[in-house]
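Trainee:
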Amino acid sequence: MRTVDLRSDTVTQPTPRMRELMSKAVVGDDVYQEDPTVNQLEAYGAELVGKEAALFVASGTMGNLVALMTHTHPGEEVILEAEAHIYYYEVGGLCRIAGLVPHLLPGEGGIFTPEQLKKALRPANIHYPKTTLLCLENTHNRAGGRVLPQGQVEEIAEIAKEAGLKLHLDGARIFNAAAASGIDVKTLAAPFDSVMFCLSKGLAAPAGSLLAGSAEFIARARKNRKILGGGMRQAGVLAAAGLESLEVMTKRLREDHQRAKRLAERLGSIPGLRIAAPVETNIIMLDVTRPGVTAEQLVQAWSASGIKAIARSQYGIRLVTHYQIDDADVDYVVDTTSAYFREL
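When we follow the working numbering, the leftmost residue of the sequence shown carries the number 109, and every step to the right adds one.
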């Protein structure tokens, strides 16, 4: 039976070339900054996003949390879009570990307006927590992999900086944003004091993310990574795969976007299904509209045919394409789904 895993682009396995590079990686103790492969990855990653330095971390969640801890002090306020990954999917770390108060602004397509931000910025008052940080997410996961409008991002950043705030970008899929928009990652990252991006989301590395910013910021972030248990010692084995992710895998992301759009168009034409958000990158938000059928029922039917997916709500499903999904997989998913609805 064919297996098609559309749960996430984190399910990808290292490429044969990655495995070869990992087996030959030159390593050292990264806590002492003596791992040459990690050092190379950090320098290259920082250059790609136009920052002075970068830090290799175990995951995107760790990278975001380290950034929050480094930019702020406990008890301060951070402004986030209401469905941001940092707020929604990172186990409350911004409150429990960083000690921050989230100020959530409802957005459209993953971003709030400059006017909303202006209204959210309160004057100094003994009763209010101090607002010190603003975070955006590009691409935006829960908005369906949407690319944030760069002009709007820059306007928001200007308002935030005038108010004395620092800015952090959750750029877990920033290379998808660049591939879809045609805007270089340096430009996408330029308004922000720090940016985190993943090597294991769509880029096929087995683990790891990078947090980039000024040299001074990264020096402080390194200590916060250590607090969180992120000193990975001979991490060059992982960093070797990360270098291949950035040098090679970033250049083929448009293929994933094209397959996502093709899959969405064909699934959306099946009576009983609806595409819930524009498909701009590699994420599809699919709604089940057939009366009496839930998302979980469709997921279970798919599972019996080797198709893996996760229901995001009673009637919603998120599908994610990646380098291990080919055109034949798209056809198989569409044919299997069409047959399921015909048999109902």
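Cβ coordinates follow ideal geometry from the N, Cα and C atoms, glycine included.
Which same chain residues, not among the five before or five after Thr118, have their C-beta less than 7 Å away from its C-beta?
Mentor: Ser308, Lys309
Trainee: Taking the alpha helix (DSSP H) that Ile326 belongs to, which residues open and close that run?
Mentor: Here the alpha helix (DSSP H) through Ile326 covers 323-335.
Trainee: Tell me whether Met304 sits in a helix, a strand or coil according to DSSP, three-state version.
Mentor: strand
Trainee: On the criterion of 16 or more Cβ atoms from any shown chain inside 10 Å, does Val165 qualify as buried, or is it exposed?
Mentor: buried
Trainee: I'd like to check one pair, Glu128 with Gly136: are the Cβ atoms closer than 8 Å?
Mentor: no
Trainee: Taking only the alpha-carbon atoms, compute the straight-line gap between Thr444 and Gln148 and give it to the nearest angstrom.
Mentor: Straight-line measurement puts the Cα of Gln148 at about 45 Å from the Cα of Thr444.
Trainee: Looking at Ala271: is its Cβ nearer than 8 Å to the Cβ of Leu229?
Mentor: Using a Cβ distance threshold of 8 Å, Ala271 and Leu229 count as a contacting pair.
Trainee: Nearest to Tyr236 by CA position, among Gln121, Asp301, Glu185, is which residue?
Mentor: Glu185 is the residue among Gln121, Asp301, Glu185 whose C-alpha sits nearest the C-alpha of Tyr236.
Trainee: Got a sec? Which residues, its chain only, sit under 6 Å from Thr123 by beta carbon, not counting five neighbours each side?
Mentor: Within the same chain, and ignoring the five residues on either side of Thr123 in sequence, the residues whose Cβ sits closer than 6 Å to its Cβ are Ala312.
Trainee: Residues in its own chain within less than 6 Å of Ala251 by CB, not counting five upstream and five downstream?
Mentor: Gly217, Gly218
Trainee: If we count Cβ pairs, one from each stretch, closer than 8 Å, do we get three or more for the stretch 281-289 versus the stretch 349-369?
Mentor: yes
Trainee: Express the C-alpha separation of Arg341 and Gly376 in angstroms, rounding to a whole number.
Mentor: Cα to Cα, Gly376 sits roughly 48 Å from Arg341.
Trainee: Can you have a look at Thr397 and say buried or exposed, based on whether 16 or more other CB atoms are within 10 angstroms of its CB?
Mentor: Thr397 is exposed by the Cβ-count criterion.
Trainee: Residues in the same chain with beta-carbon distance under 6 Å from Lys455, minus the five sequence neighbours each way, listed in chain order, please.
Mentor: No answer is possible for residue 455: the residues shown for the chain start at 109 and end at 452.
Trainee: What's the call for Ser116, buried or exposed, on a 16-neighbour Cβ count within 10 Å?
Mentor: buried
Trainee: For the stretch 397-417 against the stretch 330-346, do three or more pairs of beta-carbon atoms, one drawn from each stretch, fall closer than 8 Å, so that the two count as touching?
Mentor: Touching, no.
Trainee: Apply the 10 Å Cβ neighbour rule to Val199 and answer buried if 16 or more other Cβ atoms are within range, or exposed otherwise.
Mentor: exposed
Trainee: Since Leu163 contacts Glu150 with CB under 8 Å, what's their CB separation in whole angstroms?
Mentor: Between Leu163 and Glu150 the beta-carbon gap is near 6 Å, inside 8 Å, which marks them as a contact.
Trainee: Using the Cα positions of Ser446 and Leu256, report the straight-line distance between them to the nearest angstrom.
Mentor: 33 Å
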